[in-house]
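Sequential numbering of the sequence shown, starting at 464, is according to the working numbering.
Down below is the structure, laid out as C-alpha cells.
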Amino acid sequence: MKLFIRFIFLFSLLFSFSCETGTDKNSTSSNEEKEEINLPKNIIFMVGDGMGLTQITAGMIGNNNELNLEEFKHIGLIKTGSTSGLITDSAAGATAFSTGKKTYNGAIGVDADTTSIENILEIAGNGNYATGIIATSSITHATPASFYAHQPSRSMDEAIAMDMLSAPVDFFIGGGKDFFSKREDELNLLDSLSAKGFRVYDDVDSISGPFEDKIAAFIAAKQPESILEGRKDILPRATKKALDYFSDKENFFLQIEGSQIDWAGHANDSEGIIAEMIDFDQAIGEVLEFAKKDGNTLVIITADHETGGYSILGGDDEGNIEGAFSTDYHTATMVPVFAYGPGAENFKGIYENTAIFDKMLELLKR
464 MKLFIRFIFL
474 FSLLFSFSCE
484 TGTDKNSTSS
494 NEEKEEINLP
504 KNIIFMVGDG
514 MGLTQITAGM
524 IGNNNELNLE
534 EFKHIGLIKT
544 GSTSGLITDS
554 AAGATAFSTG
564 KKTYNGAIGV
574 DADTTSIENI
584 LEIAGNGNYA
594 TGIIATSSIT
604 HATPASFYAH
614 QPSRSMDEAI
624 AMDMLSAPVD
634 FFIGGGKDFF
644 SKREDELNLL
654 DSLSAKGFRV
664 YDDVDSISGP
674 FEDKIAAFIA
684 AKQPESILEG
694 RKDILPRATK
704 KALDYFSDKE
714 NFFLQIEGSQ
724 IDWAGHANDS
734 EGIIAEMIDF
744 DQAIGEVLEF
754 AKKDGNTLVI
764 ITADHETGGY
774 SILGGDDEGN
784 IEGAFSTDYH
794 TATMVPVFAY
804 GPGAENFKGI
814 YENTAIFDKM
824 LELLKR
C-alpha cells in the first residue's frame, strides 16, 4: 500500500506542471521581482545515464521504497531524439545538453557537420565560474566528454583526453588514466595536467585541501568497475570531495554522471540497475544536503535516454523485483527531469533535450 501511494505521489508531481503551462507569459510585476531574486549562484547538473522512470522505480523498491529524488518538487519530461533518429546515444544526448544543438549519434561537442560548438561548461568556465566533472566511467566517455571536448567520434578517447588540456575545467574525477598516460603518441598528459596547475591523484580519498590548485583524480586505468564488481561508494565520496572543493568558490558549474545505470540496462541486469541507481541517489543526497545548506545552488537531474526498455512485472516488500527488458539498447521514450533550488521552476514541462542548455544558459547570463 505504501508503495502504491508513492507511485501516485510521484506521478501526480510528474504531471503537475500541466496545470501551469497555460499561464500568461507576461507575468505580473510581483512575479518578475520574485524571478529576479530567485537566481542560482551555482549549477549542479546530474545525469543518470540510461535512467528512465522504471530504473528510478527499481532503485526505490530496492532501497526500502525511498530515494532522495522524492524531495524534488519541480519535475518535467524531455524528448531524447538525435539527428540520427528517434533513438539517441549518450554522445548526442549529452551534446544536446551541453550545447543546445541536436547532432548525430557518436558526436562529441560537434554539430551534424562536425563543427565544434561552445558548450555550457566552457561558457561558465570562461566567465566567472569554477567548473568540474565527475563520472563513474572513463572521463573520456561520451557524457563527460561532451562537456569539455570536441571530436567527431566518441571512440577517439586519446583525442578527447587531449582536449582536457585546453578546456576550462578546474576539477575532475573519473576513470581513463591510460588515455592520458599510455597513449599511441607516447605523450604523457599527466605531466601536462600538472603543468596546467592540476594536482593529480590516483584515488578519491587522497584529495585534500587547501583547494587552491586544480584537481584531477583517476579511479581506474580505463573503465571503473560496477558497484556489483566492487566499486563501492566512489561516486558519493567523489561528489562530497567536489562540494568541499567548490564550497569556497564564488560560483561553480558541476556536472556529475552516474554512468553505469546504462551499462546494467545494456546487460539486461535488474540487480545491476538497482545497485547503480541507489549509488547515484546517494550522490544526489550529498548534492541535496549541500544545496539545502547553501541556498544558492540549482540542482538539475535527468537522463540522456532510457536503456533496456525496462519494465517491472512484479516484486515484494523485501526489495526484490521481477524485471523485464524489450531491448539491450536505448529506447526513444521521454525521460524525467528533476530540479531543486533557485530557478528550478524553469525545468517543468515537456520539451526537447536541447532546452536543458537553453534554460541553464539563461540562468548563467543573469
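Every residue gets a Cβ at the ideal spot worked out from N, C-alpha and C, and that includes glycine.
Residues near residue i in its chain [Cβ-Cβ closer than 6 Å; skip 5 each side]
| i | result |
| --- | --- |
| Pro-687 | Thr-599, Gly-638, Arg-694 |
| Ala-766 | Gly-511, Met-514, Val-798 |
| Ala-727 | Gly-735, Ile-736, Glu-739 |
| Phe-642 | Thr-603, Asp-620, Glu-621, Ala-624 |
| Glu-769 | Gly-515, Thr-794, Thr-796, Val-798 |
| Ile-819 | Phe-560 |
| Glu-815 | Lys-542 |
| Met-509 | Ile-719, Ile-764 |
| Gly-569 | Ala-554, Ser-616, Arg-617 |
| Gly-563 | Thr-817, Phe-820, Asp-821 |
| Lys-640 | Phe-681, Ala-684 |
| Ile-550 | His-793, Ala-795 |
| Leu-776 | Glu-785, Ala-787 |
Cβ neighbours of residue i in the same chain (closer than 8 Å, five flanking residues each side left out)
| i | result |
| --- | --- |
| Asp-668 | Arg-700 |
| Ser-657 | Val-663 |
| Ala-705 | Gly-595, Ile-597, Phe-634, Ile-636, Leu-717, Ile-719 |
| Leu-826 | Leu-502, Pro-503, Ile-506, Leu-761, Gly-806, Asn-809 |
| Ile-586 | Leu-824, Leu-827 |
Backbone secondary structure at residue i - three-state DSSP
| i | result |
| --- | --- |
| Leu-628 | helix |
| Arg-700 | helix |
| Thr-520 | helix |
| Ile-636 | strand |
| His-604 | coil |
| Gln-874 | Shown here, the chain extends from 464 to 829; a query on residue 874 therefore has no answer. |
| Glu-621 | helix |
| His-729 | helix |
| Ile-690 | coil |
| Ile-819 | helix |
| Asp-670 | Per the sequence shown, residue 670 should be read as Ile rather than Asp. Ile-670 falls in the coil class under three-state DSSP. |
| Lys-542 | strand |
| Tyr-803 | strand |
| Tyr-814 | strand |
| Gly-595 | strand |
| Leu-826 | helix |
| Ile-571 | strand |
| Leu-650 | coil |
DSSP beta-bridge partners of residue i
| i | result |
| --- | --- |
| Ile-775 | Gly-786 |
| Thr-760 | Asn-505 |
| Tyr-664 | Ala-680 |
| Gln-614 | Ile-571 |
| Ser-579 | Val-573 |
| Thr-830 | Absent from the structure is residue 830, since the part of the chain shown begins at 464 and ends at 829. |
| Val-510 | Glu-720, Thr-765 |
| Thr-794 | Glu-769 |
| Gly-548 | Ser-545 |
Anticipated Cβ contact below 8 Å, residue i with residue j, distance rounded
| i | j | result |
| --- | --- | --- |
| Pro-631 | Gly-572 | Wrong, their Cβ atoms sit about 13 Å apart, outside the cutoff. |
| Leu-698 | Asp-742 | 5 Å |
| His-537 | Glu-808 | 6 Å |
| Ile-813 | Leu-532 | Not confirmed; about 19 Å, so no contact. |
| Ile-583 | Ser-609 | Wrong, their Cβ atoms sit about 10 Å apart, outside the cutoff. |
| Ala-521 | Ser-553 | At roughly 20 Å, the Cβ-Cβ gap does not stay under 8 Å, so Ala-521 and Ser-553 are not in contact. |
| Asp-666 | Ile-682 | 7 Å |
| Asp-696 | Gln-745 | 6 Å |
| Leu-628 | Lys-677 | No, Leu-628 and Lys-677 are not in contact; Cβ-Cβ is about 11 Å, not under 8 Å. |
| Ile-415 | Gln-518 | Residue 415 falls outside the range modelled here, since the chain spans only 464 to 829, and no answer is possible. |
| Ala-754 | Phe-535 | That belief does not hold up - the Cβ atoms of Ala-754 and Phe-535 are roughly 10 Å apart, past 8 Å. |
| Gly-778 | Ile-524 | 6 Å |
| Phe-674 | Tyr-708 | 5 Å |
Cβ-based neighbour list, residue i, same chain, cut-off 7 Å, excluding 5 preceding and 5 following
| i | result |
| --- | --- |
| Leu-653 | Phe-643, Ser-644, Val-663 |
| Gly-772 | Phe-788, Ser-789, Thr-790, Thr-794 |
| Lys-565 | Ser-545, Thr-546, Ala-559, Thr-817 |
| Ser-579 | Gly-572, Val-573, His-613 |
| Asn-731 | Gly-771, Phe-788, Asp-791 |
| Ser-733 | Ala-521, Ile-784, Gly-786 |
Counting pairs of Cβ atoms below 8 Å between the segment 713 to 720 and the segment 587 to 606, do you hit three or more?
Yes: the two stretches touch, three or more of their Cβ pairs being nearer than 8 Å.
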